[in-house]
Each structure stands twice: as C-alpha cells, then as structure tokens.
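For reference, the structure discussed in these notes is given below.
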Amino acid sequence: MSSEHEYATEKRRSFEAAGARVAPGDGRAGRQVDLLQTASLRLGDKAPDFTQDSTQGPIHLYEWMGDSWAVLFSHPADFTPVCTTELGMVARLKQEFDKRNVKVIGLSVDPLFRHDMWAGDIAETQGVELNFPLLADADRKVAQLYDMIHPNAHATETVRSVFIIDPKKTVRLIHTYPASTGRNFDEVLRVIDSLQLTDDHKVATPANWKAGDDVVILPSIRKQEADKLFPKGYRELKPYFRMTPQPNIEPAGQEPPRE
Ligand code: BEZ
110 MSSEHEYATE KRRSFEAAGA RVAPGDGRAG RQVDLLQTAS LRLGDKAPDF
160 TQDSTQGPIH LYEWMGDSWA VLFSHPADFT PVCTTELGMV ARLKQEFDKR
210 NVKVIGLSVD PLFRHDMWAG DIAETQGVEL NFPLLADADR KVAQLYDMIH
260 PNAHATETVR SVFIIDPKKT VRLIHTYPAS TGRNFDEVLR VIDSLQLTDD
310 HKVATPANWK AGDDVVILPS IRKQEADKLF PKGYRELKPY FRMTPQPNIE
360 PAGQEPPRE
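Residues 110 to 368, numbered by the working numbering, are exactly what the sequence shown covers, in order.
If you want it as structure tokens, here you go:
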C-alpha cells in the first residue's frame, strides 16, 4: 500500500473518529460539514491542556510550557507552499521568541511521518531547520479543543489559527487567517511585546505601535497617580487621551551607563 493511500485512509478514519457527521470524499473538498464537540475559546479563557505527539516526542502542553509564554499555531496541511514559508519564518525568528520567554508550537492534522518528511523540504527551501515542535494532530484532538477546523472554510483542514497563551495558561490572543494568506509573524511578536508591557505597566499600546514607541496611559488612571507613575512626563491630547514614552526603556541618549 502506498504511503499516500495509507495517509488518505488514516485521514478519513480520524475524521470520522473526530465526530464529523459527513466524512469528506478526498479530504480536500470544501464541503459544509457539521463537526461535533468543537469548543469555542475566547480571550481570558483557560487554554485547554492536552497531550499530543509531535516532531519532538509527546508534548503535554502545560508541562512543556512551564513558566513560559506559548504561541500555538495551526496550518492547513504539510507539503503546501505558504505553510512551508510560515514554518521557515517561525524557525528564523526563534531567537526573538526566546528573548521574550516564548515557546512556539505548530500543528496540522497530518501524521508524524508526513511532518518528518516535510521538515527536509523546509530546511532545503527556507535555509533553516525546523527548531520548534510540530504537533501531529491526526486525530484532531487539539484542533477540536481549539476550534481550529472551520468546516465552511474547509471540511477537514485546520485554518491558520494563532493562540498566544501566557504563563498562567490564559488565552491572550486569538487570530484566524485564511489558508490563502500567510501570516506576518512580526505581528505575533509585536502583540507579545504589547502584552508583556501592558501586564507590567498601566498603559496600552496605540495603533501600529512597535516596541520603543510612545504608549497610551490607561484612561482609568487619575492625574495624581499618572504624575507619579510616569516620571518621564506625558502629553494630554484630551482628558482621556495621554501619551507617554514607553515606561520600561530610557529615551534614546538617556540610557543608564552600562556596568
Ligand atoms: C499553502 O500553505 O500554500 C496553502 C494551503 C492551503 C490552501 C492554499 C495554500
């Protein structure tokens, strides 16, 4: 039996096991199906824990995260061009994720042997080794927990979902992109910068903000407290709208001397 045939059989079996009322023909048709047992996650929810196989061995999410942040992201399928570029990009950004204490984990509903075969193509075409785990979610356990299959977009494949999960295991960002649009992982890093900053300081980050830009003082902070909390000063554009330099960095030219 060819591995492609085995793969198609496995895909159909796991689709049925996952509780779909209508099994797909070739697994790629964009039919409308009604998946049972899907969960809907919202910001602030506890990230569902799971144990699943990956290219780095079985992963128990909470244990694997430890005290780190996590980015869990799905892609539609192995051996597809956009996904190949996405995984290459995430691998290239590993140092950026490490700097922010973030562990990254990818997912598709392909089995492990497909991930392992595809990893060679990623290294060859993207010039970087896969340096983070890819979940082999052939039984759709994680895809269902995180509502990553949107049947009206595609019957069986995961959409491009991203979940940012904080060290308390709370879901802090959810975004969903269509299969035809590769994601901008600089945006994922930007949101992590914003979340980590605003968890520690009474500020929010304005449109198109990037690390180092001025930030907004929370409107709930009264003047007396703002004067104390923001010694670098602030500009009041409106009583509810005050801008201040990013609190945890010194303005250029005023950095403290290095030890
Ligand atoms: C891709 O990753 O290239 C892709 C996947 C599914 C549909 C279209 C493109």
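We put the CB at the ideal spot given by N, CA and C, even for glycine. Just so we're clear, the structure is a prediction, and the values are computed from it rather than from any experiment.
Q: Output the residue ranges of the beta strand (DSSP E) runs that lie fully inside the stretch 322 to 359 and measure 3 residues or longer, sorted by chain position.
A: Secondary structure remark: continuous beta strand (DSSP E) runs of at least 3 residues inside the stretch 322 to 359, in chain order: 324 to 326, 344 to 347, 350 to 353.
Q: Take the Cβ of K250 as the centre, count every other Cβ of all protein chains shown within 10 Å, and call the residue buried at 16 or more, exposed below.
A: buried
Helix, strand or coil: how does DSSP classify Y255 here?
coil
Legend entry - Residues of its chain near F241, where Cβ-Cβ distance is below 6 Å and the 5 sequence neighbours each way are ignored: The beta carbon of F241 is closer than 6 Å to those of V213 in its chain, skipping five residues each way along the sequence.
Worksheet item: Under 8 Å, do A200 and Q235 count as touching if we go by C-beta distance?
Response: yes
Under 6 Å Cβ to Cβ from L304, same chain only, skipping five residues before and after it: list those, please.
-> R281
Discussion item. I'd like the ranges of any beta strand (DSSP E) spanning at least 3 consecutive residues and lying wholly in the stretch 259 to 326.
Written reply: List check, beta strand (DSSP E) in window: 269 to 274, 280 to 286, 324 to 326.
What residues does the ligand BEZ have around it, judged by CB closer than 5 Å to any heavy atom, in chain order? P185, T189, P190, V191, C192, A288
Same chain, Cβ closer than 8 Å to F350, neighbours up to 5 away in sequence not counted:
V325, P328
Review point. Cα separation between L150 and E334?
Key: Each residue's Cα considered, the two are about 35 Å apart.
C-alpha distance - A245 paired with T307, whole-angstrom precision
Going from the Cα of A245 to the Cα of T307 covers about 34 Å.
Secondary structure of V191, DSSP reduced to three states | helix
Residue ranges of each beta strand (DSSP E) run of no fewer than 3 residues wholly in the stretch 201 to 239, ordered along the chain?
Assignment of beta strand (DSSP E) within the stretch 201 to 239, counting only whole runs of 3 or more residues, yields 211 to 217 in chain order.
- How big is the Cα-Cα spacing for E172 and P190? 32 Å
| Pick from K155, F188, P356: whose alpha carbon is nearest that of P340? | It is P356 whose Cα lies nearest to the Cα of P340.
Practice prompt. Count the other C-beta atoms from every protein chain shown that fall within 10 angstroms of the C-beta of L145, then say buried if there are 16 or more, exposed otherwise.
Written response: Summary for L145: the model assigns pLDDT 46, below 50, so the residue's position carries little reliability; its value from the coordinates is reported in the next sentence. Exposed is the call here.
Top-ranked residue by Cα proximity to L181, from K208, I231, T194, D158
D158
*N- and C-terminal bounds of the beta strand (DSSP E) containing L181*: 178 to 183
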